[in-house]
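Student: Residue numbers (the working numbering), protein chains in the order written: chain A, 1 to 559; chain B, 1001 to 1277.
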Ligand SMILES: Cc1ncc(C[n+]2csc(CCOP(=O)(O)OP(=O)(O)O)c2C)c(N)n1
Ligand code: SF4
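(1) In this structure, does DSSP put residue 1161 of chain B in helix, strand or coil?
(2) Apart from the five residues just before and just after residue 1088 of chain B, which ones in its own chain have a Cβ nearer than 8 Å to its Cβ?
(3) Please tell me whether, using a cut-off of 7 Å, the distance from the CB of residue 141 of chain A to the nearest non-hydrogen atom of ligand 1 is below it.
(4) Buried or exposed, going by whether 16 or more other CB atoms sit within 10 Å of the CB of residue 513 of chain A?
(5) For a cutoff of 8 Å on Cβ pairs, would you count residue 249 of chain A as touching chain B?
(6) Using a beta-carbon distance below 8 Å, is residue 405 of chain A in contact with chain B?
(7) Where does the unbroken alpha helix (DSSP H) through residue 501 of chain A begin, and where does it stop?
(8) With a threshold of 7 Å (Cβ to nearest heavy atom), would residue 1089 of chain B be considered close to ligand 2?
(9) Taking 6 Å as the limit between beta carbons, can you name the residues of its chain near residue 517 of chain A, skipping five residues before and five after?
(10) Going straight from the alpha carbon of residue 302 of chain A to that of residue 1222 of chain B, what length do you get?
(11) Contact between the region 1107-1119 of chain B and the region 275-295 of chain A: three or more CB pairs below 8 Å?
(12) Give every residue of the same chain whose Cβ lies closer than 6 Å to the Cβ of residue 38 of chain A, excluding the five residues on either side of it in the sequence, and list them in chain order.
(13) Identify whether residue 199 of chain A lies in helix, strand or coil by the three-state DSSP scheme.
(14) Against residue 399 of chain A, what residues of chain B qualify as contacts under a CB-to-CB distance less than 8 Å, listed in chain order?
(15) Answer yes or no: the CB of residue 1209 of chain B versus the heavy atoms of ligand 2, is any distance below 7 Å?
(16) Below 8 Å on the Cβ atoms is my contact criterion, and I expect residue 261 of chain A with residue 291 of chain A to pass it. Report the Cβ-Cβ distance as a whole number of Å.
(17) Taking 8 Å as the limit between beta carbons, can you name the residues of its chain near residue 1156 of chain B, skipping five residues before and five after?
(18) Which residue's Cα is closest to the Cα of residue 1150 of chain B: B/1113, B/1130, B/1215 and B/1270?
(19) Give the single residue among A/466, A/376, A/475 and A/359 whose Cα lies nearest to the Cα of residue 56 of chain A.
(20) Quick one: is the Cβ of residue 1056 of chain B within less than 7 Å of any heavy atom of ligand 2?
(21) Just curious, the beta strand (DSSP E) that residue 1122 of chain B is in, first and last residue?
(22) Assuming residue 405 of chain A and residue 1072 of chain B make a contact with CB atoms under 8 Å, what is their CB distance in whole Å?
(23) Along chain A, which residues have their Cβ under 9 Å away from the Cβ of residue 1099 of chain B?
(24) Could you pull out every residue in the same chain whose Cβ sits closer than 7 Å to the Cβ of residue 412 of chain A, ignoring the five residues on either side in sequence?
(25) Which residues, in order along the region 1041-1073 of chain B, keep a beta-carbon less than 8 Å from a beta-carbon of chain A?
(26) Quick check on this structure: which residue in A/241, A/338 and A/390 has the alpha carbon closest to the alpha carbon of residue 201 of chain A?
(27) Could you work out which residues of chain B lie near residue 224 of chain A, taking near to mean beta carbons separated by less than 9 Å?
(28) Taking only three categories from DSSP, how would you classify residue 1142 of chain B?
(29) If we ignore side chains and look at the alpha-carbon of each, how far apart do residue 12 of chain A and residue 273 of chain A end up?
(30) If contact means a Cβ-Cβ distance below 9 Å, which residues of the region 1074-1107 of chain B contact chain A?
(31) Would you mind telling me which residues of chain B sit closer than 8 Å to residue 230 of chain A, beta carbon to beta carbon, in chain order?
(32) DSSP three-state call for residue 331 of chain A: helix, strand or coil?
(33) Where does residue 1209 of chain B sit, in a helix, a strand or coil, going by DSSP?
(34) Using the three-state DSSP reduction, which class does residue 86 of chain A fall into: helix, strand or coil?
(35) Under the rule that 16 or more other beta-carbon atoms within 10 Å means buried, what is residue 181 of chain A, buried or exposed?
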């Protein structure tokens, strides 16, 4: 059983604040939830909305249809009333047919004294309609506003209570899912990445701001004092990646955050990290392109770019987390393997995952630093020793070893060389790492795949919608007969891949559909290229919005 | 004097690295001066990192007499790479040694922001007023009217004045020297090394192959060391001095200010380097 609540209004009307209130209050009540946002690229005006989907079991993805719409503005009503289910309810800040009127600002002023408390009124109304005890919300308001003093707490509480009271006539009209037995942890994608990096021993983050990656940078900054991390706003993206290169050369685990256009400027610096064999970690939160594209929307369009960016040939890792738990774990893993193999690693995510907020098992917040793989060395140290694994013993400057690193092709001791046989040895050494990287590649996660005739293949944040689609198809057989046997494979590591393992996981199926947020089936083409897949269909989405389960079900049945 | 004699002392004695510079190039004097300055400043080379971009000048770290840590990065990007190193381990002495194209052209934006931060990097710019490695195109400091293969009608833009720019921006140490001043150059480097924040040292360096205008003699005839009565803490006077370029070219420490370094203002670095175990 689950309920989808949508709060919509202009930018600047507190849509996000009201949404955040609900998220926190619901997690405190032990509900499962997932919130997602749709916003326009502007600071005021436009039409933004915030969805909170709550359930009595795990909620994996956003829903396109709405049970309860809180429309703070006329545009929100006009544009979104069709998304509301026939048995749903609309609470509107005005008079309109088929809606329940509630003047959020007016009520706030009346009982709380201030318009900014309109979001507490809205949250109270949601509690009222769903038949939840508003005391739970009031408790939560008390804890967040405690610092601001008793007066603010009391005013917000009054707003919430009044919001709920005014819904008395509609109370319980929508039955909310049953609360759990204790509070649940909830986290947003950006914080999950940041916490993963911070607990792994990150010491320096550099970036030039760009949506949607900035959320991650802000989150790291939020943890910086606790974990002793330096957050540096670089003068531009080129500086950011070169700062990371310098910092990792000197021995500090370092990472940058960026999005498509910013990363486009970093290709040469990435190549430098490849040449100098630096454990540079790059978080790239995708948004649709080309160029500035849709700044506040989502997509999975940069996979091929990230896999091939940089001139010359060098190994790299690309991880694409599917949910907040993976965002935490794969970020830690990215830092670990970047250091183990001394080569760049990407966390390739997107606006949808970075901004979503979901309940999950508690994330370990105690520092558990990764191994930097440093050796103590003396005067005869050479940085680029030729080894069978391609991995050379790594020392950093400041100790007894002298560490020489050059972007030109270099000898084992790091000096420029134009000896072409050394060149070949060095390319081979760097590329030799790929054997180890492929062998240790994380296998895809299978879900109800064993007996599946139809296999859905996805990567990154498409995970939740895909998994829910599998459940819908298997358990409800929705829209199809006979009921298809559907399963899925999700890739959290998208590069490099172990072709044999992938081929085995895909196996023989009647139908393989690769589902991804781009127009050209980029991941499908990667799978074909490495020989892991021959025949497949692709399901493409590039309208700037995340997949939903119903959309996948619909398109599977009708395409 | 043979070329080897001329720059022999500046070569690594223990390694295979032979300079890829033209015999007679001003860069040889700079590598010698760097060697001397490191020794005179009493620096342990294990605690020094030389950072460079790309260009003839940027090859310097390979040629010092005894090995030193170095990071020879990308064209124009010595400053951010050095910034990363300094932030990761602020106990290291991080010295940038690179060309005018590298620092004032491709890397111009980074230079501005290093000055703004006042991060403790020492930046030695080999200013030969030309692009050497790419064979003789104009650099941001080429005199107006300079003819090259590329600037066939002469350089139409006016030259960038790095010293005036740095002083105007409030850099904490701004100096100029010349490769023809065998004591002045290392001494000025040592002075730069003693400054806590960002130090810019512009070094006039003849490129005998591509710059036929600003030759060794051309510089020698014009260079005038600042007198003992010169007060480097007077910013307006410094700016005035920086604007002098022509028959006379002042050299020495033009400007110096007491500004705390960037790294000293970052609380997270107070407990030790980020790169510590
Ligand atoms: C991104 C990039 N652009 C261009 C080049 C080519 N390039 C190499 S050195 C150089 C100019 C170097 O001039 P300068 O810094 O004055 O050094 P010099 O060779 O005169 O010592 C250029 C343009 C490059 N290596 N990388
Ligand atoms: S080209 Fe000019 S700068 Fe380069 S080595 Fe020759 S003389 Fe020196």
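The beta carbon of each residue, even a glycine, is placed where N, CA and C say it ideally should be.
Tutor: So, to answer that:
(1) Residue numbering aside, residue 1161 of chain B sits at position 161 when the second chain is read from its first letter. Residue 1161 of chain B falls in the coil class under three-state DSSP.
(2) Taking the second chain and counting its residues from 1, the one referred to as residue 1088 of chain B is at position 88. Spatial neighbours of residue 1088 of chain B in its own chain (CB-CB distance under 8 Å, excluding positions within 5 residues in sequence) are listed in chain order as 1273, 1274 and 1275.
(3) Here the question's residue 141 of chain A lines up with position 141 in the first chain. No, since every heavy atom of ligand 1 falls outside the 7 Å radius drawn around the Cβ of residue 141 of chain A.
(4) For the purposes of this step, residue 513 of chain A is taken as residue 513 along the first chain, with counting starting at 1. Around the beta-carbon of residue 513 of chain A, 16 or more other beta-carbon atoms lie within 10 Å, marking it buried.
(5) If you number the first chain from 1, residue 249 of chain A lands on position 249. So, interface residue.
(6) Counting from 1 along the first chain, the entry for residue 405 of chain A is found at position 405. Closer than 8 Å: yes.
(7) The residue labelled residue 501 of chain A in the question sits at position 501 within the first chain. Run containing residue 501 of chain A: 499-506, per the alpha helix (DSSP H) assignment.
(8) Here residue 1089 of chain B corresponds to residue number 89 of the second chain, with the count starting at 1. Checking the Cβ of residue 1089 of chain B against ligand 2 gives no.
(9) Numbered from 1 along the first chain, position 517 holds the residue referred to as residue 517 of chain A. Excluding positions up to five away in sequence, the list reads 299, 300 and 541.
(10) For the purposes of this step, residue 302 of chain A is identified with residue 302 of the first chain, where counting begins at 1. For the purposes of this step, residue 1222 of chain B is identified with residue 222 of the second chain, where counting begins at 1. Cα-Cα distance, rounded: 55 Å.
(11) no
(12) Translated into the one-based positions of the first chain, residue 38 of chain A becomes position 38. Once the five neighbours on either side are set aside, the close Cβ partners of residue 38 of chain A are 49.
(13) By 1-based counting over the first chain, the position of residue 199 of chain A is 199. Three-state result, residue 199 of chain A: helix.
(14) If you number the first chain from 1, residue 399 of chain A lands on position 399. Within chain B, the residues near residue 399 of chain A are 1046.
(15) In the second chain, residue 1209 of chain B corresponds to position 209, counting from 1. Yes, Cβ of residue 1209 of chain B sits closer than 7 Å to a heavy atom of ligand 2.
(16) Taking the first residue of the first chain as position 1, residue 261 of chain A is located at position 261. Taking the first residue of the first chain as position 1, residue 291 of chain A is located at position 291. Between the beta-carbon of residue 261 of chain A and that of residue 291 of chain A there is about 7 Å, and that keeps the pair under the 8 Å contact cut.
(17) The residue given as residue 1156 of chain B occupies position 156 in the second chain. Counting only Cβ-Cβ distances below 8 Å, and skipping sequence neighbours, we find 1144.
(18) Here residue 1150 of chain B corresponds to residue number 150 of the second chain, with the count starting at 1. Nearest C-alpha to residue 1150 of chain B: B/1130.
(19) Mapped onto the first chain, residue 56 of chain A falls at position 56. Nearest Cα to residue 56 of chain A within the set A/466, A/376, A/475 and A/359: A/359.
(20) Here residue 1056 of chain B corresponds to residue number 56 of the second chain, with the count starting at 1. Correct: residue 1056 of chain B has its Cβ closer than 7 Å to ligand 2.
(21) Counting from one through the second chain, the residue named residue 1122 of chain B turns up at place 122. From DSSP, the beta strand (DSSP E) with residue 1122 of chain B extends over 1121-1127.
(22) On the first chain, residue 405 of chain A is found 405 positions in, with the first residue counted as 1. On the second chain, residue 1072 of chain B is found 72 positions in, with the first residue counted as 1. Yes, residue 405 of chain A and residue 1072 of chain B are in contact; Cβ-Cβ is about 7 Å, under 8 Å.
(23) Counted from its first residue, the second chain places residue 1099 of chain B at position 99. Residues of chain A whose Cβ lies closer than 9 Å to the Cβ of residue 1099 of chain B do not exist; the shortest such Cβ separation is about 15 Å.
(24) Position 412 of the first chain, counted from the start, is the residue given in the question as residue 412 of chain A. Correct list, in chain order: 382, 384, 385 and 386.
(25) 1045, 1046, 1047, 1049, 1051, 1054, 1059, 1061, 1062, 1067, 1068, 1069, 1070, 1071, 1072 and 1073
(26) Here residue 201 of chain A refers to the residue found at position 201 of the first chain. Residue 201 of chain A has its Cα closest to that of A/338, out of A/241, A/338 and A/390.
(27) What you label residue 224 of chain A is simply residue 224 of the first chain in a count that begins at 1. 1268, listed in chain order.
(28) Taking the second chain and counting its residues from 1, one reaches residue 1142 of chain B at position 142. In the structure shown, residue 1142 of chain B sits in coil (DSSP, three-state: anything other than H, G, I, E or B).
(29) Along the first chain, read from residue 1 onward, the residue named residue 12 of chain A stands at position 12. Along the first chain, read from residue 1 onward, the residue named residue 273 of chain A stands at position 273. Whole-angstrom Cα-Cα distance: 41 Å.
(30) 1074, 1075, 1076, 1077, 1078, 1079, 1080, 1081, 1082, 1083, 1084, 1085, 1086, 1087, 1088, 1089, 1091, 1092 and 1094
(31) As a first step, residue 230 of chain A is located in the first chain; it is residue number 230 there, counting from the start. Simply 1087, 1266, 1268, 1269 and 1274.
(32) As a first step, residue 331 of chain A must be located in the first chain, where it is residue number 331. Reduced to three states, the DSSP call for residue 331 of chain A is helix.
(33) Residue numbering aside, residue 1209 of chain B sits at position 209 when the second chain is read from its first letter. The answer is coil: DSSP assigns residue 1209 of chain B none of H, G, I, E or B.
(34) Residue mapping note: residue 86 of chain A aligns to position 86 of the first chain, counting from 1. Strand, per DSSP.
(35) For the purposes of this step, residue 181 of chain A is taken as residue 181 along the first chain, with counting starting at 1. With fewer than 16 other Cβ atoms within 10 Å, it is exposed.
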